[in-house]
Every structure is written in C-alpha cells, then in structure tokens.
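>
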Amino acid sequence: MTESASIKQLLESAILAPSGDNCQPWHFAVTGARIRLYNLPEKDTSVYNHRQSASLVAHGAALENLTIAASTQGLRPKFSLFPEPAEPNLVADINLEPMSGLPDPLYAFLEGRATNRKRYDRSYQLSGEERRQLLSCACEGVDGVVRIFEDPREKQTLARAISINDRMVFENRGLHDFLYDHIRWDNEEALRTRDGLDFQTLELSAMDAVAFRAFRNWALLRLATPFGVTRIIGKTAETLALSSSALGAVVIVGNDPAAYVNAGRLFQRVWLEATRLGLSFQPTAGIAFLIGQVASGAGGAFSPEQAALLKRCGEEVGALVGDPASSAFLLFRIGRSAPPSARSLRIPVEVVTG
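Quick note, the sequence shown lines up with residues 50 to 403 if you use the numbering used here.
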C-alpha cells in the first residue's frame with residue numbers, strides 16, 4: 050500500500066467518528082506521514098458548542114478511531130494537542146510512527162458503531178463481564194474514568210437530567226432552531242447533504258413524529274407550551290432513559306480544550322466496546338454541555354429560569370460524576386434493543402482533506 054493510500058484509509062476510519070447533530074466539524078491537512086487536524090467552528094454553531102466543547106469531543110473520537118485504525122497498519126499516531134497557541138483551530142498535529150504489537154480488536158467495530166435511540170429492554174441487566182469490560186476502557190495518556198450506574202436512584206437522577214435536555218430543546222429558541230436545521234427529512238436530503246440527522250434515526254412513534262414535525266413551527270410550539278407539552282417531551286425522554294440497563298458517564302479531570310478532546314477519545318472507546326459486546330448505545334451528552342456552560346458562568350443563551358434549572362441539574366449530576374466546573378463529563382445510556390432503523394451518513398474523505 051502506498052503512503053497516500055495508507056493515510057486515506059486511516060482518515061476514512063477517523064471520519065466515522067460521531068459528532069453533535071452529525072455536523073462533522075473537521076478538516077485534515079496531510080503532508081507525507083504528517084496529519085494536521087483542524088476544527089471548523091462554522092460547522093457547529095449550536096448552543097451546545099460553547100467554547101467548541103462539543104466539536105472537541107468529536108475530534109477526540111476521530112483521533113481514537115485513527116489510532117485504532119493505525120494499529121492495523123503497524124503504526125502509532127504520536128499527536129500533540131493544540132501545538133500552536135496562536136492557531137486555536139489546530140486541534141492536533143499527528144505524526145505516524147512504526148509500532149510493534151497486535152492490531153486493536155476494536156477496529157472491526159468502527160463501521161458498526163451507531164446511535165440507537167430505540168426503547169431498550171428494561172428487563173435486561175448487564176452481565177458481570179459486560180460491566181467489567183466497559184469499566185476497564187482506557188486510553189493511553191488520558192486521565193479519566195468510566196462510571197456505570199445501575200442503582201435505581203442514581204439512574205433516576207441521570208434520567209431526570211437527560212429529560213431536562215430534551216425539554217430545553219423545545220423551550221430554548223437557539224437549541225430548537227439548530228436541531229431542526231439539521232434534520233434530514235427524507236433519504237434524498239440525507240444522501241444529498243451527507244450530514245445532519247436522518248429523521249429515521251430519531252426512532253419516533255407515529256404520533257410523536259407528527260408532533261415533532263408540527264413543532265418545527267416555533268410559534269405553534271409557544272402556543273402549546275402552557276399546556277405542558279415540553280414537560281411531556283421531557284418525561285418521554287426520562288422514561289426512555291430508564292428503559293436502559295444502565296446509564297453511564299465518562300469523566301475527565303479538567304475542563305480545558307484538551308480535556309474535551311480526551312473525553313471524546315475515551316467516550317468513543319466505550320462506545321466501540323459496547324458495540325463489540327452487542328449492546329445498544331445512545332450518547333446523551335447534550336445536558337453535560339449545557340450544565341458545563343452554566344457552571345462556567347456563561348449562561349447568556351438561557352433565560353434566568355432555564356439557567357437556574359440547569360444549575361440545580363448540575364448540582365444533582367455533579368454529586369454522581371464530579372464538579373462540572375472542574376471536569377469534563379459525557380453521559381450515555383446502554384442496554385439491549387432492536388437495531389437502529391437508520392444511520393447517519395458521512396461527507397466523503399476527499400472533501401474533508403486537503
């Protein structure tokens with residue numbers, strides 16, 4: 050395999066990484082065996098992406114994919130995060146070096162990893178081996194831990210936090226508009242853009258699908274809000290979360306840009322391990338970004354009532370995962386269910402390199 054073909058194969062694996070609303074905020078500049086990973090701030094302008102935290106998580110997942118794929122070629126990426134302070138959008142400078150050792154077994158699951166928003170089998174409990182494998186996930190050089198919550202009271206606390214995120218999407222104009230701008234309503238639109246969220250991936254019931262389409266109209270949604278519709282949406286999300294065998298968190302020490310990249314690396318590894326185990330997985334990280342934003346004192350995107358709700362939510366979640374003002378954390382739900390109805394697409398690697 051030529052060097053250029055080898056690099057292309059690695060980048061094809063890297064871009065399989067997840068990103069918020071499938072925005073794919075990356076660009077790769079390749080020179081020989083050197084790869085520079087750039088963040089594209091214009092790709093994700095959502096309220097979630099305060100200080101580019103959501104995009105940095107996506108970059109971390111892409112770096113982990115690249116690391117896993119490189120192992121199958123006898124290579125190890127040596128990367129420096131944010132190597133040039135004057136160029137904050139340069140996330141990583143990557144050099145490929147020879148390595149000995151076996152290929153990472155998670156490579157076989159890069160393409161199979163997918164978000165599954167279906168209701169999970171509430172009766173299924175994680176086996177001891179599944180729990181052990183998930184908790185043992187680690188990335189070289191990353192100071193972080195994986196937490197699994199199966200106690201009903203702890204699950205209730207996290208499920209309530211997840212419900213607040215979904216409620217916020219329909220009460221905060223910025224969150225609402227960004228989501229609807231990134232829904233791809235049919236296969237034709239999904240294939241044309243190759244980004245955003247395929248409507249089918251939302252796994253909505255027929256009745257919920259009708260309501261979701263109707264609430265694209267902000268004025269109509271405002272008329273319905275006094276009747277408790279956003280609270281009903283939140284309660285539905287809470288019930289869905291509680292159908293999971295467990296709720297989980299990846300927690301990284303620190304909350305600087307590198308911490309969010311590292312959170313993305315470890316989160317991706319947990320997700321791939323869940324895929325290897327045949328488990329269904331849904332990231333529920335949105336609420337973590339909102340909590341972190343308010344905890345940092347930057348709550349200008351929210352009404353006073355919304356900011357107060359997020360502050361209380363952060364205190365409850367923080368009691369389980371750590372202070373959101375001094376750590377980067379991401380939540381997920383895990384269990385068993387039918388396969389997802391659809392998968393999000395990717396922009397071709399030729400478009401995101403240069």
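A virtual CB, placed ideally from N, CA and C, is assigned to each residue, including glycine.
Spell out a yes or no on whether the segment 294-306 and the segment 193-211 are touching, meaning 3 or more CB-CB pairs, one atom from each, closer than 8 Å.
Judged by Cβ distances under 8 Å, the segment 294-306 makes contact with the segment 193-211, as three or more pairs qualify.
> Just checking my contact of Leu183 with Val319 at CB under 8 Å: how many whole Å lie between their CB atoms?
Contact holds; Cβ gap of about 6 Å.
> Going by beta carbon distance, what residues of the same chain come within less than 6 Å of Val106, once the five residues before and after it are set aside?
Once the five neighbours on either side are set aside, the close Cβ partners of Val106 are Tyr309, Ala312 and Gly313.
> Within 10 Å of its beta-carbon, does Glu52 have 16 or more other beta-carbons around it, so buried, or fewer, so exposed?
By the neighbour-count rule (16 or more Cβ atoms within 10 Å), Glu52 is not buried but exposed.
> In chain order, what residues of the same chain lie with their CB nearer than 7 Å to the CB of Asp244, ignoring the 5 residues before and after it?
If we look at Asp244 and ignore the five residues flanking it on each side, its Cβ neighbours are Asn71, Cys72, Gln73 and Ile396.
> Is the number of C-beta pairs between the segment 236-254 and the segment 170-178 that are closer than 8 Å three or more?
No contact exists between the segment 236-254 and the segment 170-178.
> Which whole-angstrom value is the C-beta distance of Lys167 and Ser329, which I expect to be below 8 Å?
Rounded, the Cβ-Cβ distance is 7 Å, consistent with contact.
> Nearest CA to the CA of Ser102: which residue from Pro137, Arg83, Leu124 and Ala119?
Here the closest residue by C-alpha is Pro137.
> Looking at C-alpha atoms only, which residue of Ser62, Arg382, Ser95 and Leu359 is the closest neighbour of Ile117?
Nearest C-alpha to Ile117: Ser62.
> What is the rounded straight-line gap between the Cα of Ser95 and the Cα of Phe264?
The straight-line gap from Cα to Cα measures roughly 18 Å.
> Are the CB atoms of Phe131 and Ala307 within a distance shorter than 8 Å?
Contact flag set, yes.
> Is it buried or exposed, Trp75, if we count other Cβ atoms within 10 angstroms and call 16 or more buried?
So Trp75 counts as buried.
> Residues in the same chain with beta-carbon distance under 7 Å from Val370, minus the five sequence neighbours each way, listed in chain order, please.
So the list reads Arg196, Ala298, Val300 and Phe378, once near-sequence residues are dropped.
> DSSP has Ile232 in a bridge; who is on the other side?
Partner(s): Leu246.
> Asp418 to Glu237, Cα distance in whole Å?
Coverage of the chain is limited to positions 50 through 403, which leaves residue 418 absent and any answer about it impossible.
> Indicate whether Arg325 and Leu159 have their beta-carbon atoms separated by less than 8 Å.
No, these two residues do not count as a Cβ contact at 8 Å.
> State yes or no: is the C-beta of Ile336 within less than 8 Å of the C-beta of Leu380?
Yes. Within cutoff.
> Any chance the segment 342-351 sits against the segment 138-151, with 3 or more Cβ pairs inside 8 Å?
They do not touch, by the three-pair rule.
> Leaving out five residues before and five after Gly223 in sequence, what residues of the same chain have Cβ atoms less than 7 Å from its Cβ?
Excluding positions up to five away in sequence, the list reads Val96 and Ala350.
> Please check the pair Thr279 and Phe316, which I expect to be a contact at CB under 8 Å, by giving their CB distance rounded to whole angstroms.
At roughly 28 Å, the Cβ-Cβ gap does not stay under 8 Å, so Thr279 and Phe316 are not in contact.
> In the structure shown, what three-state DSSP assignment does Phe338 receive?
In the structure shown, Phe338 sits in a helix (DSSP, three-state: H, G or I).
> Where do the ends of the alpha helix (DSSP H) carrying Asn214 lie?
Asn214 -> alpha helix (DSSP H) spans Pro201 to Val218.
> Can you tell me the Cβ-Cβ gap for Ala260 and Asp247, rounded? I've got them flagged as a contact below 8 Å.
The Cβ separation is near 19 Å, so there is no contact.
> Report yes if the CB atom of Thr164 is closer than 8 Å to the CB atom of Pro332, and no otherwise.
In contact: Thr164 and Pro332 (Cβ atoms closer than 8 Å).
> With distances taken Cα to Cα, identify the nearest neighbour of Arg180 among Arg361, Val366, Glu322 and Ile340.
Minimum Cα distance to Arg180 is reached at Glu322.
> Going along the chain, which residues of its own chain have a beta-carbon closer than 6 Å to the beta-carbon of Glu199, five neighbours each way excluded?
The answer, listed in chain order, is Ala295.
> Taking C-alpha atoms, which residue in Gly327, Ser55 and Lys92 lies nearest to Ala387?
It is Gly327.
> Between Phe77, Ser68, Ala286 and Leu89, which lies nearest to Met217 when the distance is taken from Cα to Cα?
Ranking the options by Cα distance to Met217, first place goes to Ala286.
> Does the separation of the CB atoms of Ala363 and Ile383 fall below 8 Å?
Reading off the sequence shown, one finds Gly at residue 363, where the question assumed Ala. In this structure, Ile383 does not lie closer than 8 Å to Gly363 by Cβ.
> Which one of Gly367, Ala334, His225 and Ala78 has the shortest CA to CA distance from Leu269?
Checked all of Gly367, Ala334, His225 and Ala78; the closest Cα to Leu269 is His225.
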